[in-house]
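Okay, structure first, notes after.
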Amino acid sequence: FSSSRKEGRQPQLEVPGKGSHRTMSEHHRGAWGTREDAVWWPGGISSTDQQTIQHHQHLLNQHHQQQLAQQQLQQHVQQQQQQQQQQQQQQQQHQNQTHVQQAQNNAIQNKMGAGGGGGGGGNRPVKDNKPRGRMTAYAFFVQTCREEHKKKHPEEQVIFAEFSRKCAERWKMLDKEKQRFHEMAEKDKARYELEMQSYVPPKGTVVGKGKKRKAFKDPNAPKRSLSAFFWFCHEERNKVKALNPEYGVGDIAKELGRKWSDMDAEVKSRYEQMAEKDKARYEAEMTEYKIKCKNEQGGQVQGQALNLGGLQNLHVQQAAAAQLQAQVQQQLAAQAAAAAAAAAAHHADDDDDDEGDEDDNE
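If you count by the working numbering, then the sequence shown holds residues 5 to 366, one letter each, in order.
In structure tokens form, the structure reads like this:
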């Protein structure tokens, strides 16, 4: 600078990079640059920053482990659901196969029963010799009243509603007067049961529409008790058949009913005692049978409750997994917010340090 002033020339600053000497601006600029150059060269990672990074890495690892545990739980729940669905599908397939097999068997039986050999122009109806149904005591009473009315008024037309009302009023009589009608009903019941024992339904008989199917009868249920008249028939039927080999089932039943009506009260008492004893046996066995059925039904209900409990546990597990996922997301959000706040504070401290350096340079 002094030589330039003496020679009357303006001082010139050397351009960086074009000369061998560093100018003043380059000297003050330093090896790190200035804020005007908009260049920041960090001087290394501090211990605080390293701990923050390690903490964030630990949180990320923990979140990853929680996600793996949640995925395993969801896979376990899905496997249980798939197993239950497979079991239900197998049961449904088994039921469908059973129904199809039954339908095929019924079709084959119907075809064999209704099948016909040669011509004929169609299937002829098969005669059914099913025994006539048994009558009740009131039915015998109404039949007797109708016969009496017909004898007294043979030309008078019977009005069914009025006739039924009068029969109902006459039926309100003493039990002694009803006794003979109850005996007639017992005889007809015995006749019907004897005829049904030898009854064989024709082949190909199908229950028509509108008819009620017989209720399921448990083979393990106790055998019903027999009446006094039936005990008598059980003992005397073979005797009547041996004495009258030409009698059919209906004739044998009529003969047994006649003998029962002519029997002395003392002889009848023996069969009545047998009926009372058999009735007590039936009631005792029926009580035990009902208790057994109730216990079995309780076991089935308990099994259904266990299945329902398993489904409820499955729903609880799903709800717990969803709750855990929500908690993890909340923790991650809080951790991200804390990390952002820490980073902002760290940058603010660095800015303060830079401003202090600029003041010193000035």
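Don't be surprised by glycine CBs; every beta carbon is placed ideally from N, CA and C.
To the nearest angstrom, how far is the alpha carbon of lysine 176 from that of arginine 169? If I take the Cα positions, the gap works out to 11 Å.
Tell me whether the beta-carbon of lysine 245 lies closer than 8 Å to the beta-carbon of tyrosine 251. It is a contact, given that the beta carbons lie within the stated cut-off.
Alpha-carbon spacing of tyrosine 196 relative to aspartate 282, whole angstroms: Separation of tyrosine 196 and aspartate 282 (C-alpha to C-alpha, rounded to the nearest whole angstrom) is 21 Å.
Can you give me the start and stop residues for the alpha helix (DSSP H) that glycine 261 sits inside? Where glycine 261 is concerned, the enclosing alpha helix (DSSP H) stretches over 253-266.
Inter-stretch contact at 8 Å, needing at least 3 Cβ pairs: the segment 181-194 / the segment 137-156: Proximity of the segment 181-194 to the segment 137-156 meets the contact definition, three or more beta-carbon pairs being nearer than 8 Å.
Stretch-stretch touch, CB-based, cutoff 8 Å, three pairs: the segment 292-302 with the segment 254-261: Too few Cβ pairs lie closer than 8 Å, so no.
Under 8 Å by Cβ, that's how I've got tyrosine 286 and arginine 228 pegged, so tell me the actual separation to the nearest angstrom. Yes, they are in contact, since the Cβ atoms of tyrosine 286 and arginine 228 sit about 6 Å apart, within 8 Å.
So what does DSSP say about lysine 176, is it helix, strand or coil? Looking at lysine 176 - three-state DSSP - the assignment turns out to be coil, as it is neither helix nor strand.
Run of the alpha helix (DSSP H) containing glutamine 147, from where it starts to where it stops: Start and end: 141-156.
Where serine 168 sits in the DSSP three-state scheme: Three-state DSSP puts serine 168 in a helix.
Would alanine 232 and lysine 272 be called neighbours here (beta carbons separated by less than 8 Å)? In contact: alanine 232 and lysine 272 (Cβ atoms closer than 8 Å).
Identify whether arginine 136 lies in helix, strand or coil by the three-state DSSP scheme. Looking at arginine 136 - three-state DSSP - the assignment turns out to be coil, as it is neither helix nor strand.
I'd like to know whether the C-beta of aspartate 268 is nearer than 8 Å to at least one C-beta of chain B. Looking at the structure shown, chain B is missing, and only one protein chain is on hand.
Tell me whether valine 81 sits in a helix, a strand or coil according to DSSP, three-state version. For valine 81, the secondary structure class from DSSP, reduced to helix, strand or coil, is helix.
Okay, do the segment 320-327 and the segment 71-91 touch, 3+ Cβ pairs below 8 Å being the bar? A contact exists between the segment 320-327 and the segment 71-91.
Tell me whether isoleucine 295 sits in a helix, a strand or coil according to DSSP, three-state version. In this structure, isoleucine 295 counts as helix in the three-state DSSP scheme.
Distance check for glutamine 88 and glutamine 101, CA to CA, integer angstroms please. Their Cα atoms are separated by approximately 20 Å.
With a CB to CB cut of under 7 Å and the five nearest residues on each side skipped, what residues in its chain are close to glutamine 74? Cβ neighbours of glutamine 74 beyond the five flanking positions: Ala325, Leu328, Gln329.
Endpoints, alpha helix (DSSP H) assigned at valine 244: 232-247 is the span of the alpha helix (DSSP H), which, as asked, contains valine 244.
Taking all protein chains shown into account, decide if leucine 72 is buried (16 or more other Cβ within 10 angstroms of its Cβ) or exposed. So leucine 72 counts as exposed.
Rounded Cβ spacing between alanine 279 and tryptophan 235 (contact assumed at less than 8 Å): With a beta-carbon spacing of about 6 Å, alanine 279 and tryptophan 235 fall inside the 8 Å limit used to define contacts.
Alpha carbon to alpha carbon, what distance is there between lysine 156 and asparagine 224? Asparagine 224 and lysine 156 have their alpha carbons spaced roughly 54 Å apart.
Own chain, CB closer than 8 Å to serine 202, minus 5 neighbours either side, in chain order: Scanning its chain for C-beta atoms nearer than 8 Å, with the 5 sequence neighbours on each side dropped, one finds around serine 202 the residues Val253, in chain order.
Here's the rule I'm using: 16 or more other beta-carbon atoms within 10 Å means buried, otherwise exposed. How should leucine 230 be labelled? With 16 or more other Cβ atoms within 10 Å, it is buried.
Label valine 162 either buried or exposed according to how many other C-beta atoms from any shown protein chain fall within 10 Å of its C-beta, with 16 as the threshold for buried. Exposed is the call here.
Quick one: what does DSSP say aspartate 222 is sitting in, helix, strand or coil? Here aspartate 222 carries a coil assignment [DSSP, helix/strand/coil].
Nearest-angstrom Cα separation, counted from glutamate 239 out to arginine 274: When rounded, the distance between both Cα atoms is 12 Å.
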